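Below is one structure, written out as structure tokens; the observations come after it.
There are 2 protein chains.
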Amino acid sequence: MSDQQTYRRIVLASRPADAVTPDNFRLETVPVPTLADGQVLVRNHFLSLDPYMRGRMSESKSYANPQPLGEVMIGGTVGEVVESRNPKFKAGDSVVAMFGWQEMGVSDGSGMQKVDTTHIPLSAYLGSVGMPGVTAWYGLNRIIEPKAGETIVVSAASGAVGSVVGQLAKKAGCRVVGVAGGKDKCDYVVNELGFDACVDYKAAADAKALYAAVKAVTPDGIDGYFENVGGDILDVVLARLNAFGRIALCGLIAGYDGQDLPLKNPRAILVSRAKIQGFIVSEHMDVWPQALKELGGMVAQRQLKFRESVAEGLASAPEAFMGLLKGKNFGKQLVKLV
Amino acid sequence: MSDQQTYRRIVLASRPADAVTPDNFRLETVPVPTLADGQVLVRNHFLSLDPYMRGRMSESKSYANPQPLGEVMIGGTVGEVVESRNPKFKAGDSVVAMFGWQEMGVSDGSGMQKVDTTHIPLSAYLGSVGMPGVTAWYGLNRIIEPKAGETIVVSAASGAVGSVVGQLAKKAGCRVVGVAGGKDKCDYVVNELGFDACVDYKAAADAKALYAAVKAVTPDGIDGYFENVGGDILDVVLARLNAFGRIALCGLIAGYDGQDLPLKNPRAILVSRAKIQGFIVSEHMDVWPQALKELGGMVAQRQLKFRESVAEGLASAPEAFMGLLKGKNFGKQLVKLV
């Protein structure tokens, strides 16, 4: 018997029939590999949990290939180089990568970025200064293109993406209205993040009540909408949309489990001469440097606030992920691995 | 009694409860006015009937103010100056204007354009070389932005707008598929207009059959869609849409009478990273000169074919309009007034 070390990883065991269940995942313990020349071994400190992962778990047509069964679940990670046989990295380097749901990762250096944690916490590179932040930046600046004085609405407003959308829109001089689930999240969005108002969709008995609640805080209508959720709220926003309104379609969590998610009134798109555009931030790599520079600067100067929900240990990832899909997280959902 | 001459006009008598009925209109005979200094009297030869008029007849929120009750129905016209007290116009000039549903019109010259009928028939200024043509041009060139080799689909393909969309897209090197109601229209679209294929939506028993029919003629998926109709076909196209597909939303005739017109699967917008954009051509006056020059040149050189349905006499306008909303017309719907 050798004294070879091991680490843990989570693979996709089966595809969800509708809602994700714990037995869709399998926790495995595997040996730490010996590095080949040019390779780097990383200990992952944080795993990012994101709604897009739900899409990858299914086989239906989507914008990305499905996650293969039996392989490590996809996911963004931040961690520290523990051993390097690659001249571009050395032990102790902080790196962001896509090692997935596992405690360690091996790479030839591709797909890894060294990051500076002097002024920015490591975990922020999975949130405001990472994919969620760039998602917010792209959808807001390249699709919604907000102008000072306009009213911008964002759903999942306390989340990793929505919180950045709203704060960037405030910086652009807009009236910003969030939509979130529950009083605590709404209070946070207004009092901590500085949105002008927040609608608690859970407090609305039906679509009509939701419309009334949105109308009350958008007296001048809505010019831009950043959609993370889908369902009734999209129809409500369309009904309040001003001429030439823009909707960035980033996610539709409400329908991730295959539910029908009809848009009741597409006529509103025509009436408002609106633009609705879906996007995936990974297809717009050209904006990442500019976006990350801006977002990193704001975080370092405490101008961009964020909140994290941290689950402890890799084994907690499935439950944390299922909670994320139900909106149980509050802010960016992470798993602390080590 | 004077021997003052009269002309006839049609005013909006009442707003439709759902479908338009003949008693929503009232035919009136009124005296031909005496011109003031600077005014022009025009005898209208053709009235254009267009789907947008249905929206104006209702009071519900739309992109334009409703048509006032008791006033002449809005509409584009072409005609001939019969008397002028305005130095910019003289008797015999051919003009295009918005005199509405009436046999004569008086103007101070504003809103009137002299047109050249040497190479272009007068009626074409209400169709391919008028508002419908520019609508096609704008939606195709500014929203869909077709590239050679792409597949472009257009609904109401034999109509005033759709026929131009398809022929412009062919000219741009695209594979062009029409959607139209009935074998005659589909034959015309393929054999006369030169589309690559046409789907007869009336021959499809349900949405599934419609999907199969569209799929059969779009083997490489769909890159651009020009929407004039709405309903099932929009969902079908979304399900066939390639990555970065573009949809120009020009009209939704299917829901003009207030029917629900839900979009069953807005998720497809996200999956395809699609853009859906509504537009009204009258808000893009900057493109009219360029579009009309191109369209006029094509018509004059017989490179742009079109077909007209001509109703005889002002009194036939209501019935022709109701037929238009049901797709009974074949090509551009006109009313010959004199």
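Line by line, the protein sequences are chains P and Y. Per the working numbering, the first sequence starts with residue 1, numbered consecutively. Per the working numbering, the second sequence starts with residue 1001, numbered consecutively. Backbone N, C-alpha and C fix where the C-beta goes; we use that ideal spot for every residue, glycine too. As the structure is a prediction and not an experimental result, all values here were calculated from the model.
Report task. Going by CA-CA distance only, name the one from P:VAL134, P:ARG273, P:GLY230, P:PRO16 that's closest to LEU241 of chain P. Result -> P:ARG273
Query raised in the report: Nearest chain P C-beta to GLU1283 of chain Y closer than 8 Å, yes or no?
Result: yes
Report task. Sort out for me which residues DSSP pairs GLN113 of chain P with in a bridge. Result -> P:VAL96
Query raised in the report: At a Cβ threshold of 8 Å, is ALA274 of chain P touching chain Y?
Result: yes
**Report entry** From P:GLY162, P:MET73, P:VAL236, P:SER155, residue whose alpha carbon lies closest to that of PHE25 of chain P
**Finding:** P:MET73
Query raised in the report: Excluding five sequence neighbours on each side, which residues of the same chain lie with their C-beta closer than 6 Å to the C-beta of VAL151 of chain P?
Result: The identity of residue 151 of chain P in the sequence shown is Thr, whereas the question assumes Val. If we look at THR151 of chain P and ignore the five residues flanking it on each side, its Cβ neighbours are ARG175, THR218, ASP220, ILE222, ASP223.
**Report entry** Beta-carbon proximity check, ILE1120 of chain Y vs GLY1230 of chain Y, cutoff 8 Å
**Finding:** no
Query raised in the report: Would GLN67 of chain P count as contacting chain Y if we go by Cβ distances under 8 Å?
Result: no
**Report entry** Inter-residue Cα distance where the pair is LYS328 of chain P and GLY1327 of chain Y
**Finding:** 50 Å
Requested in this report: Could you tell me the boundaries of the beta strand (DSSP E) in which GLN277 of chain P lies?
Outcome: 275–278
Query raised in the report: Quick one: is GLN1005 of chain Y buried, meaning 16 or more other Cβ sit within 10 Å of its Cβ, or exposed?
Result: exposed
**Report entry** 8 Å CB neighbourhood of LYS336 of chain P in its chain, flanking five on each side removed
**Finding:** HIS45, PHE46, VAL310, ALA311, GLU312, GLY313
Report task. Give the residues of chain Y in contact with ILE280 of chain P, contact being defined as C-beta atoms less than 7 Å apart. Result -> ARG1273
Query raised in the report: Any idea which residues DSSP pairs ARG8 of chain P with across the strands?
Result: P:THR29
Report task. Answer yes if the stretch 1150–1166 of chain Y comes into contact with the stretch 1183–1200 of chain Y, meaning at least three C-beta pairs across the two stretches below 8 Å, and no otherwise. Result -> yes
Query raised in the report: Looking at chain P, which residues of the stretch 1224–1237 of chain Y have a Cβ within less than 8 Å of any of its Cβ atoms?
Result: GLY1230, LEU1234
Query raised in the report: Grouping DSSP H, G and I as helix and E and B as strand, with all else coil, what is GLY323 of chain P?
Result: helix
Query raised in the report: Ordered along the chain, which non-local residues of its own chain (more than five positions away) have a Cβ less than 6 Å from that of PRO22 of chain P?
Result: PRO318
Query raised in the report: So what does DSSP say about GLY105 of chain P, is it helix, strand or coil?
Result: strand
Query raised in the report: Should MET285 of chain P go down as buried or exposed, given a rule of 16 or more other Cβ atoms within 10 Å for buried?
Result: exposed
Query raised in the report: Along the chain, which unbroken stretches of the beta strand (DSSP E) at least 3 residues long are found entirely within the stretch 121–198 of chain P?
Result: 151–155, 175–180
Requested in this report: Using a Cβ cut-off of 8 Å (strictly closer), state whether PRO219 of chain P contacts chain Y.
Outcome: no
Report task. Closer than 8 Å by C-beta to MET1 of chain P: which residues in its own chain qualify, once you throw out the five before and the five after it? Chain order, please. Result -> Low per-residue confidence applies at MET1 of chain P: pLDDT is 43, beneath 50, and the placement is therefore not dependable, though the value from the model is reported in the following sentence. Correct list: empty, nothing qualifies.
Query raised in the report: For the stretch 47–87 of chain P, which segments carrying the alpha helix (DSSP H) assignment without a break, of at least 4 residues, lie completely within its bounds, in sequence order?
Result: 52–57
Requested in this report: Within its chain, find whatever has a CB closer than 7 Å to the CB of ASP232 of chain P; leave out the 5 residues flanking it on each side and keep chain order.
Outcome: ALA207, LEU210
Report task. Report yes or no: do the stretch 33–43 of chain P and the stretch 71–87 of chain P share at least 3 C-beta pairs separated by less than 8 Å? Result -> yes
Report task. Decide if GLN290 of chain P is buried, meaning its Cβ has at least 16 other Cβ atoms within 10 Å, or exposed. Result -> exposed
Report task. Report buried or exposed for LYS1185 of chain Y, applying the criterion of at least 16 other Cβ atoms within 10 angstroms of its Cβ. Result -> buried
Requested in this report: Any chance you could list the alpha helix (DSSP H) runs of at least 4 consecutive residues sitting entirely within the stretch 291–336 of chain P, in chain order?
Outcome: 317–325
Requested in this report: Since I believe ARG1307 of chain Y is in contact with TYR1188 of chain Y (beta carbons under 8 Å), could you give me their beta-carbon distance rounded to a whole number of angstroms?
Outcome: 7 Å
**Report entry** 8 Å Cβ cutoff, LEU270 of chain P in contact with chain Y
**Finding:** yes
Query - Cβ neighbours of LEU263 of chain P in the same chain (closer than 8 Å, five flanking residues each side left out) - result: LEU234, ASP235, LEU238
Query raised in the report: Near VAL1190 of chain Y, which residues of its chain fall below 6 Å by C-beta distance, leaving aside the five closest residues on each side in sequence?
Result: CYS1198
Query raised in the report: Applying a beta-carbon distance threshold of less than 8 Å, which residues of chain Y neighbour ARG267 of chain P?
Result: GLY1230, LEU1252, GLY1255, LEU1261
Query raised in the report: Does any C-beta atom of chain P lie closer than 8 Å to the C-beta of LEU1324 of chain Y?
Result: no
Query raised in the report: Can you name the residues of chain Y whose CB is closer than 7 Å to the CB of LEU249 of chain P?
Result: ILE1269, LEU1270
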